[in-house]
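Take a look at the structure below.
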Ligand SMILES: [Zn+2]
Ligand SMILES: [Zn+2]
């Protein structure tokens, strides 16, 4: 960080001379001194003070003489304009500026009250309103279109699934029953261990599972990015010293750029290696399904199939199904019913069915179990 003192400029309020050097305490045209209305500013061309002179500035802001209102250097004990003695309670350049700013703000506020308008403010808020409206309109339209599409989608779903009632005729009834006949037999099985009662007749070494084993490395390339130092960015700021000068502070920050390059890396490649174990082949007695006994009919008199059991046999799974054919407006449908419900219908019965999405969901107002 480097510091340099720059001479500021000021304008004479009395004769209108502009761009007077900050170190010139009185106007060179009319002789009026820098006073409570003086504002120091920076010119486009920077005039840097020589080392010796620079050392005398930036020590503190000028003080304001309460008698003649002129600005004086901090080290002066007496006003260079009227000779009045400096008092520790006096305003300096900055505290005086704050007071002047407040006064101006009060004046403006009073003016606003009188005219009843805030020209700057109303202009700004009007523009802001226009912009926000323009940005929101397309979003609102989009939302409207999306919600309309969603609504239409659900309307179609509702139309398809909305239940409707129809008069229908029972076209016929059907039933089917089945009994599995199981036999106690010697069967052959194989497994990694032998259950109780199993009689091993063979063993083999077989693949039990696989494990991943590192086989080799493959060399591959990839793009990588890197932050590279790319020199310094210089920043400059100016601080008003309140004594007709400004302190220029320069500092630099490092700048980086992103560079890409390819790098090679090694990627492991694995292979599946089998793990062997002993597999047992054995004989054992199990209940196995030997045959299915079936009965069926297109009437309303279901019965279980007849069967005979050998000494080593038993009955297993029993299955049953009851169906009904229904005519709805020239179309035929088949539904499955539990026995108790199926028994209450006869061929030719007039019934009412409820349909939804092309399927019968209710018969005579009673839900079908799906
Ligand atoms: Zn002047
Ligand atoms: Zn004075």
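Numbering (the numbering used here), first residue to last: 12 to 381. Cβ coordinates follow ideal geometry from the N, Cα and C atoms, glycine included.
TODO: Give the straight-line distance between the Cα atoms of residue 289 and residue 204, rounded to the nearest whole angstrom.
DONE: 9 Å
Just list the alpha helix (DSSP H) runs in the segment 192-260, keeping only unbroken ones of 4 residues or longer that don't cross its boundaries, in chain order. none
Problem set entry | One or two residues paired with residue 178 in a DSSP bridge | 363
So within the segment 316-344, which uninterrupted beta strand (DSSP E) runs reach at least 3 residues, ignoring any that extend past its ends? 324-339
**Study point:** residue 51 - DSSP class collapsed to helix/strand/coil
**Key:** coil
Exercise for review: Report yes if the C-beta of residue 25 is less than 7 Å from at least one heavy atom of ligand 2; otherwise report no.
Suggested key: no
Residue 268 to residue 237 span [Cα, whole Å] = 8 Å
Residue 153 by DSSP, collapsed to three states: which one? helix
_Any non-hydrogen atom of ligand 2 closer than 7 Å to residue 99 Cβ_ = no
Would you call the segment 101-109 in contact with the segment 53-69, where contact means no fewer than 3 C-beta pairs closer than 8 Å? no
Q) Where does residue 133 sit, in a helix, a strand or coil, going by DSSP? A) Here the model assigns residue 133 a pLDDT of 46, short of 50, so the residue's position is not dependable, and the following value carries that caveat. Note: residue 133 maps to helix in three-state DSSP.
Specify the secondary structure class of residue 352 as computed by DSSP and reduced to three states. helix
Suppose the cutoff is 7 Å on Cβ atoms and the five residues either side in sequence are ignored; what does the same chain contact list for residue 216 look like?
287, 289
Check your understanding: Rounded to a whole number of angstroms, what is the C-alpha to C-alpha distance between residue 90 and residue 28?
Key -> 23 Å
#### Entry: Inter-residue Cα distance where the pair is residue 173 and residue 373
13 Å
Quick check on this structure: which residue in 361, 184, 176 has the alpha carbon closest to the alpha carbon of residue 371?
176
| request: Locate the alpha helix (DSSP H) running through residue 111, then write down its first and last residues. | output: 104-126
Q: Would you tell me roughly how many angstroms separate the C-alpha atoms of residue 263 and residue 248, rounded to the nearest one?
A: 11 Å
ask   = Would you say the beta carbon of residue 246 comes nearer than 7 Å to a heavy atom of ligand 1?
value = no
Checklist entry - What whole-angstrom Cβ distance do residue 194 and residue 299 have, given they're in contact under 8 Å? => result 6 Å
Checklist entry - Where does residue 126 land, buried or exposed, given buried means 16+ other C-beta within 10 angstroms? => result exposed
**Report entry** Range covered by the beta strand (DSSP E) that runs through residue 373
**Finding:** 370-374
* Asked: What did DSSP end up calling residue 60 once you bin it into helix, strand or coil?
  -> coil
Between residue 214 and residue 277, what straight-line distance do the alpha-carbon atoms span, to the nearest angstrom?
44 Å
- Chain-order list of residues whose beta-carbon lies under 8 Å from that of residue 303 (same chain, five-residue window excluded): 189, 190, 191, 192
So does residue 95 have its beta carbon nearer than 7 Å to some heavy atom of ligand 2? yes
Name the residue from 223, 36, 72, 48 whose alpha carbon lies nearest to the alpha carbon of residue 251.
72
Same chain only: Cβ atoms within 6 Å of residue 187, ignoring 5 sequence neighbours per side: 307, 332
Can you tell which of 197, 312, 212 has its C-alpha closest to the C-alpha of residue 291? 212
- With respect to the beta strand (DSSP E) encompassing residue 18, which residues constitute its N-terminal and C-terminal limits? 13-18
Check your understanding: Relative to the alpha-carbon of residue 108, which residue among 274, 327, 254 has its alpha-carbon at the smallest distance?
Key -> 254
Return yes when at least one heavy atom of ligand 2 lies under 7 Å from the C-beta of residue 78, else no. yes
Beta-carbon contacts of residue 221 that lie in its chain and below 6 Å, excluding the five residues immediately before and after: 283, 285
Query raised in the report: What separation, rounded to the nearest whole angstrom, lies between the Cα atoms of residue 394 and residue 166?
Result: This structure gives no information on residue 394, because the portion of the chain shown stretches from 12 to 381.
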